[in-house]
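For reference, the structure discussed in these notes is given below.
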Amino acid sequence: MMDATPRPRVGNRILGSRPAAWLAFALVHGWLAWVCLYGRHDGMNDVSVVYRQWVEQALDAGIVIGIDTAWVYPILAIVPMLVAAVFGTTHYVAVWVALVVVVNAVAFAFAVTSARIRAAWWWLVFLVALGPIALARIDAITVSLGIIGALLLATRPRAAGTVLAIAAWVKVWPAVLIAAAIVTMRSRGRILFSGVVVSAIVITVALVLGSGARVFSFITEQTGRGLQVEAPVTTFWLWAAFAGQPGASVYFDRQIITYQVTGTGVDVAAAVMTPLLVVVVAVILVLGFRAVRGGAPAAQVLASLSLALVVALIAVNKVGSPQFIGWIAVPIVLGLVTHGASFRTPAVLALVIAGLTQVIYPYLYGSLIELQPLMLVALTVRNILEFVLLGWAVAALVRWGHPQSGDPHPDLPQSQHPQSKHPQSKVVS
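Residue numbers (full-length UniProt numbering): 1 to 429.
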């Protein structure tokens, strides 16, 4: 008698195979490493020039940035930069790339062993779409730590809080993941306690090393910045400069090593953006709190809340560095694990945003600075899509905020609930 049991399609078998996923990881990172090291672009300048200069200053002159001088980054950012100099600074860029690949492999191990392996596959596609910048900034370390921490939240909240706090002391943005967890998870006390302990240790060590108040300098170092070229808020002035409006132009700020804009109202906009960002983040947190109080499953709210917060940090920001787009991977991976196919829309939007970002930087950045119309269109579309993605996440929070019966398993993915009241979130990968 023939076996009538349907066999999974070849594509599904491959996507469900961990060995296949690891092979894809090797191919993707081999390609990205080659592009970083041998590609014709300036995407590695931060690593090859800025990071290496900071490290050489620490090793040769004994002046550790963040300890002896103020710094734009939290103090733990110096750790991976120093690790990349373990074999000296001659091959600093190659060791940096290898370090990021190793850290990514650890995060990938967490993603590939999750209930939905396709989230790991999505991350690989996202890395290819984003291009060399995915490995070429300190943000890459925080993205991997963010994925690890986010996937640990439901099962090991103390470890998750520790990992996310460490990430936040490398680059501030993962702090919003902690905030999202505190709002949504019953284990918020353990998460917060771990974060406080990590912060206390970091601050104490920095003070012992002689940092003084400089350990907090990252909070104020960027407050005086203008509007960076790629930031969504800057789009208006780029088009104004293209149209020849008097006073509107692009210039290079040598102090912070980035391109910014001038024009009527720029100073006011730059001053308003940070307070506006604080207000937007606060409103999003309130929406998340309202959703949880309304009885929505914590695991479902957590992904949407994390996505809204992370995208807000990018979209409502006067700094628009391309590496920021890499942050989006964390809430998307979390959402694909906890929501499945119902998180497909933001996942696709994120891929398009990443692809447009790679077109803009590092390959055609010069054309953007020259205000070439096609590049202005590409940047405008990318920036609009950021707000579309933000709108999707906020709309999800509003939907979750509608009154509904309580959830007896608030820290479990919806697909694992004994009695799911939200079947649209249950998808088999």
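All residues carry an ideal CB built from backbone N, CA and C; glycine is no exception.
Here the structure is a predicted model, which means the values were calculated and not measured.
Residue i classed as buried or exposed, judged by whether at least 16 other C-beta atoms fall within 10 angstroms
i	result
Ile201	exposed
Val268	exposed
Gln358	buried
Thr234	buried
Thr220	exposed
His402	exposed
Arg18	exposed
Val10	exposed
Tyr38	exposed
Val101	buried
Ala285	The residue asked about is misnamed: residue 285 is Leu in this sequence, not Ala. With 16 or more other Cβ atoms within 10 Å, it is buried.
Thr204	exposed
Val266	buried
Val198	buried
Ala395	exposed
Pro297	buried
Pro132	buried
Residue i and residue j closer than 8 angstroms at C-beta
i	j	result
Gly212	Trp237	no
Ile360	Arg344	no
Ala393	Gly288	no
Ala164	Gly189	The sequence given here places Leu at residue 164; Ala does not occur at that position. In this structure, Gly189 does not lie closer than 8 angstroms to Leu164 by Cβ.
Gly62	Ile75	no
residue 430	Ala160	The structure shown does not extend to residue 430, since the chain is modelled only from 1 to 429, so the question has no answer here.
Ala303	Ile325	no
Gly320	Gln228	yes
Trp96	Ala84	yes
Leu127	Glu230	no
Ala291	Val281	no
Leu334	Leu151	yes
Leu309	Trp122	no
Thr89	Val64	no
Ala136	Gly43	yes
Val50	Ile328	no
Supposed close pair residue i, residue j - CB separation, criterion 8 angstroms
i	j	result
residue 480	Ala167	Outside the shown range of the chain, which is 1 to 429, sits residue 480, and nothing can be said about it.
Pro322	Ile332	That belief does not hold up - the Cβ atoms of Pro322 and Ile332 are roughly 17 angstroms apart, past 8 angstroms.
Val170	Ala70	So it is not a contact: roughly 17 angstroms between Cβ atoms.
Tyr363	His41	6 angstroms
Leu376	Phe242	6 angstroms
Phe218	Tyr73	6 angstroms
Ala299	Thr338	5 angstroms
Leu305	Leu397	6 angstroms
Euclidean distance between Cα positions of residue i and residue j
i	j	result
Ala33	Asp139	16 angstroms
Leu82	Arg214	19 angstroms
Ala119	Arg225	36 angstroms
Ser415	Ser48	Unreliable placement is indicated for Ser415, whose pLDDT of 40 sits below 50; the coordinate value is still reported in the next sentence. Roughly 45 angstroms separates the two Cα atoms.
Ser187	Thr113	23 angstroms
Arg293	Pro80	40 angstroms
Ser405	Ile117	Confidence at Ser405 is low in this model, with a pLDDT of 40, below 50, so its placement is unreliable and no value can be given for it.
Leu130	Tyr365	14 angstroms
Val311	Val208	36 angstroms
Ile191	Pro174	13 angstroms
Leu276	Trp22	42 angstroms
Val172	Gly16	34 angstroms
Leu195	Leu307	Looking at the sequence shown, residue 195 is not Leu but Gly. Computed Cα separation, rounded: 20 angstroms.
Ala58	His91	17 angstroms
Pro423	Arg13	With a pLDDT of 37 at Pro423, under the threshold of 50, the predicted position of this residue should be treated as unreliable, and no value is reported.
Leu368	Cys36	21 angstroms
Val250	Gly210	39 angstroms
Gly247	Asn45	30 angstroms
Phe110	Asn104	10 angstroms
Val176	Arg156	18 angstroms
Ala271	Ala20	49 angstroms
Asp411	Val352	Low local confidence applies: a pLDDT of 42 at Asp411 is under 50, so the model's placement there is unreliable, with the coordinate-based value given in what follows. Near 31 angstroms, if we compare the C-alpha coordinates of Val352 and Asp411.
Pro232	Val261	12 angstroms
Ala98	Asp60	24 angstroms
Trp400	Phe193	28 angstroms
Arg52	Val93	8 angstroms
Thr162	Ile182	13 angstroms
Val278	Val330	21 angstroms
Gly30	Leu356	22 angstroms
Ala341	Gly295	22 angstroms
Gln245	Gly391	31 angstroms
Trp239	Gln255	25 angstroms
Contact test: residue i Cβ vs the ligand FMN heavy atom, cutoff 7 angstroms
i	result
Thr235	Ligands displayed in this structure: none; no statement on the ligand FMN is therefore possible.
Residue-level contact to chain C via CB, residue i, 8 angstroms cutoff
i	result
Val377	Among the chains of the structure shown, chain C does not appear; only one protein chain is present.
* Do the segment 384 to 402 and the segment 312 to 322 meet, that is, are 3 or more Cβ pairs less than 8 angstroms apart? -> yes
* Asked: Is the segment 21 to 33 close to the segment 348 to 355, with three or more CB pairs under 8 angstroms?
  -> no
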